[in-house]
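Order-wise, the sequence lines are chains C and Z. Quick note: the first sequence uses our numbering, first residue 239, plus one each step. Quick note: the second sequence uses our numbering, first residue 1404, plus one each step. Ideal placement from N, C-alpha and C gives every residue a C-beta, glycine not left out. It should be emphasised that the depicted structure is a prediction, and the values quoted were computed from it without experimental measurement.
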Amino acid sequence: MTLNLSLIAAITVLIACGATLVLERSLTRVLIGFVLLGNGINLLFLVSSGDPGRAPIVGLGEGPMADPLPQAMALTAIVITLGTTAFGLALAYRAWQLTGHDDVQDDLEDDLIRRRADLDSTSTTFDEIDDEMPDEDGSDAHEESSGAVPS
Amino acid sequence: MSDQLVLLPVIVPLLGAGLCFVFGRSARAQRMISVAVLVAVVATAAVLMVRADRYGPTSVTVAGWPADIGINLVADRLSALMLLVSAFVTLCVLLYSFGQGIVEFGRDSPLSVFHPTFLVLSAGVSNAFLAGDLFNLFVGFEILLAASYVLITLGGTDARIRAGTIYIVVSLLSSALFLIAIACVYAATGTVSLATLSGRLDDLPSAVQLLLQLLLLTTFCIKAAVFPLSAWLPDSYPTAPAPVTAVFAGLLTKVGVYAIIRVQTLLFPDSPLNDLLLWAAILTMVIGILGAVAQSDMKRVLSFTLVSHIGFMLFGVALSDPLGLTGAVFYITHHIIVQTALFLVVGLVEYREGTTNTDRLGGLARTAPILAVMFFVPAMNLAGIPPLSGFLGKLALIRGGVGDGSALAYVAIAASLATSLLTLYALAKVWSRAFWQPLDDVTEPSAPIKRTGSLHGRSGVSTKTAITSTWERAVRDQRLPIPMALPTLALVLASTALTVAAGPLFSFTQRAADELHQRTPYIQTTLAGESP
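In structure tokens form, the structure reads like this:
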């Protein structure tokens, strides 16, 4: 079995772009990332089916057939991606309705811990250290007090 | 043995879901359909279990395709047991949800969606348990995940959207990984049927085998919430409605554990990754329970104990001998029932008091003694107090660990004992604060929790949302709502009955583990279905 280099290059690009987008905050971008990932994976199914051939319909043309099974799997995967993407978009829209943005928000526990750290940083014990080397909590506290929104 | 009966647990709930949509306007019709469907699934699962035990696995090849390319469903002892327990738990949770009705979901929310989605979830779980090939397993996972997306964001409130988003992104990622794994498996072997794979994988170079195994295990470990991949669970589960959380906690992670067991025993019996799994089990147990100790909200405590106790099951799987597997299967059975019962009890507490935060609760043992007993018994069961089934499950796992005899196995035994003690501590803390301490001693929550508003300008989380949200509308009914209490009581009794029935159940799980270890009954049954 020979592998098709252009297919593999396409898979690499799609999955790399998809993975990068999935790391974004905005849910819409994350969803686009998953669509790209899904397309990359569907191509991967094509590669896994081995040598190319004619359409896998019995009695239609001559020569070796392409393996139909991965095509069936890719079709199923496409349908599932479609459904979940539609749901995700609805979710992003609802999040936008509620909060005005569709960012994937922080874990509640992280938030509580940061809040506690935030309280600590405003106490006198930690003021000095904060002024010298502002860490993430320190900068958060600053932003909150000035009301600025980080870009 | 080939039998169409295996199809029923998948098809009947899906048909039922369709019917529920047809009768979307009548709550009563929806309830009757859902109950009838789930009772049918329980009955089918029971028949399948008896058959699997007497005559070996049952398999059916859909549409008559050969087993290595077609879709086939197989019910061996493990699948049938999982199916029966999950169907029973689903039925109890469904009955419980009737009592919760409008109070939980709010008058404006589309309640008619709940029943069909719940049935689809049940179909997905059944499909995953019965799947005889990797791709069908994937489809089963997707069915249950798609249903769970709807259920976890039910009502579309702020907190649920926030928690649901994280859950959905993590689930999508695990699905993508699973698909990659399937494509790689197909490229390497030319089949996705578990029975055929078990023969063909042995011929592959060990590096390829390792790659495939790692891909599959990573996927399933995300779904089962095994430690480094577990952070999504305690954040997303507690915000959902109580019946939804209960059924998720009982079933969804166990489907992941089931998949790990299936893959480890059938596809990679001489796994080089057992030590790695054992480490994952140890870390899951210890770190999960440390999280539980630090929490003050009952739902969160339970979510963390859920993560932690996944470690026990993984411990049994990682030992990869019949003794360890016996313990793991027994423990899964016990844990599904107990964890669901606990979440339902917490749902009752929430229904009654409007909160599950132990900082604001108190005196429940005096004001609601029945509720207190219903919490106390499964809580002690989860912690593993003799003679309850949790103790027996842990004992079986520890025996398996001693039988293994390696140094790492002893570390795992020590970790499991420490985890049991800490579970007891975490649950005793909940007990003494929510149930035991007089209500007068309850102090207002400390300052950090009360502060609301935007903390982190960009994400703008308000902590208030998770704690109150829909429950502000809850009726503060002082009596125990009977329609909700009865299914809870049934689960509590079932979890206690596991202790009485531990002998037969244990010998059943032993036979299931032997069957898993032998591999041949499963493979032969699946491939025999080739010529219908």
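Spanning the alpha carbons of Gly1727 (chain Z) and Ala1888 (chain Z) requires a straight line of approximately 36 Å.
By the C-beta criterion, the region 1437-1456 of chain Z is judged not to be in contact with the region 1562-1577 of chain Z, since fewer than 3 inter-stretch pairs fall below 8 Å. By the CB criterion at 7 Å, Val1780 (chain Z) and Val1895 (chain Z) fall inside the cutoff. Counting only runs that start and end inside the region 1448-1526 of chain Z, the alpha helix (DSSP H) elements of at least 4 residues fall at 1480-1508. Per DSSP, the continuous alpha helix (DSSP H) segment holding Ala1645 (chain Z) begins and ends at Ala1645 to Val1650. Under the 7 Å criterion on CB atoms, Gln309 (chain C) is classed as non-interfacial with respect to chain Z. Secondary structure of Arg263 (chain C) (DSSP, three-state): coil.
Inclusion of Ala355 (chain C) and Asp340 (chain C) in the CB contact set at 7 Å is not warranted, their separation being larger than that value.
Contact between Ala1683 (chain Z) and Leu1722 (chain Z) does not hold, since their C-beta atoms are separated by about 13 Å, which reaches or exceeds 8 Å. Residues of chain C whose Cβ lies closer than 7 Å to the Cβ of Thr1556 (chain Z) are, in chain order, Leu329.
The alpha helix (DSSP H) runs lying completely inside the region 1690-1743 of chain Z and spanning 4 residues or more are 1701-1722, given in chain order. Proximity of Ala1590 (chain Z) to chain C, defined by a Cβ-Cβ separation below 7 Å, is satisfied. Ranking Z:Thr1642, Z:Phe1521, Z:Val1595 and Z:Ala1579 by CA distance to the CA of Leu281 (chain C) puts Z:Ala1579 first. Against Leu336 (chain C), the close residues of chain Z are Asp1561 and Ile1564, in the order they occur along the chain (beta-carbon pairs closer than 7 Å). Taking all protein chains in view, the Cβ of Tyr1754 (chain Z) is crowded by 16 or more other Cβ atoms within 10 Å, so the residue is classified as buried.
Ranking C:Leu269, C:Ser286 and C:Phe272 by CA distance to the CA of Leu245 (chain C) puts C:Ser286 first. Look at Arg292 (chain C) here: in three-state DSSP terms it is strand. Approximately 6 Å separates the beta-carbon atoms of Leu1791 (chain Z) and Met1783 (chain Z); this is inside 8 Å, confirming the contact.
Here Asp340 (chain C) carries a coil assignment [DSSP, helix/strand/coil]. By the neighbour-count criterion, in which 16 or more other beta carbons inside 10 Å mark a residue as buried, Glu300 (chain C) falls on the exposed side. Bounds of any alpha helix (DSSP H) do not take in Leu1883 (chain Z), whose DSSP letter is neither H nor E. Asp1536 (chain Z) is bridged by DSSP to Z:Ser1596.
Under the DSSP assignment, Met1777 (chain Z) falls in the alpha helix (DSSP H) whose first and last residues are Pro1772 to Ala1786.
By the neighbour-count criterion, in which a residue is buried when 16 or more other Cβ atoms sit within 10 angstroms of its Cβ, Ala1904 (chain Z) is exposed. Three or more beta-carbon pairs separated by less than 8 Å link the region 1441-1461 of chain Z to the region 1474-1490 of chain Z, which places the two stretches in contact. Within chain C, the C-beta atoms nearer than 8 Å to that of Phe1538 (chain Z) come from Met311 and Thr314, in chain order.
Of all residues in the region 264-276 of chain C, only Leu265, Val268, Phe272, Leu275 and Gly276 come within less than 8 Å of chain Z when Cβ atoms are compared, listed by chain position. With fewer than 16 other CB atoms across the displayed protein chains lying within 10 angstroms of its CB, Tyr1458 (chain Z) is exposed. For Leu259 (chain C), same chain residues with a beta-carbon under 7 Å away, outside a window of 5 residues either side, are Arg267, Val268, Ile270, Gly271 and Leu274 in chain order. Contiguous beta strand (DSSP E) elements confined to the region 1793-1844 of chain Z do not occur, taking only those with 3 or more residues. For Asp289 (chain C), there are no neighbours in chain Z by C-beta distance under 9 Å, as the nearest C-beta there is about 12 Å away. Check the Cα spacing between Thr1928 (chain Z) and each of Z:Asp1471, Z:Val1444 and Z:Ala1432: the tightest is with Z:Asp1471. Nearest to Asn1530 (chain Z) by C-alpha distance, out of Z:Met1485, Z:Ser1819, Z:Ser1515 and Z:Leu1557, is Z:Met1485.
DSSP links Met1887 (chain Z) through a beta bridge to no other residue. For Val260 (chain C), the neighbours in chain Z by C-beta distance under 9 Å run, in chain order, Val1572, Leu1575, Leu1576 and Ala1579.
Collapsing the DSSP output to three states places Asn280 (chain C) in a helix.
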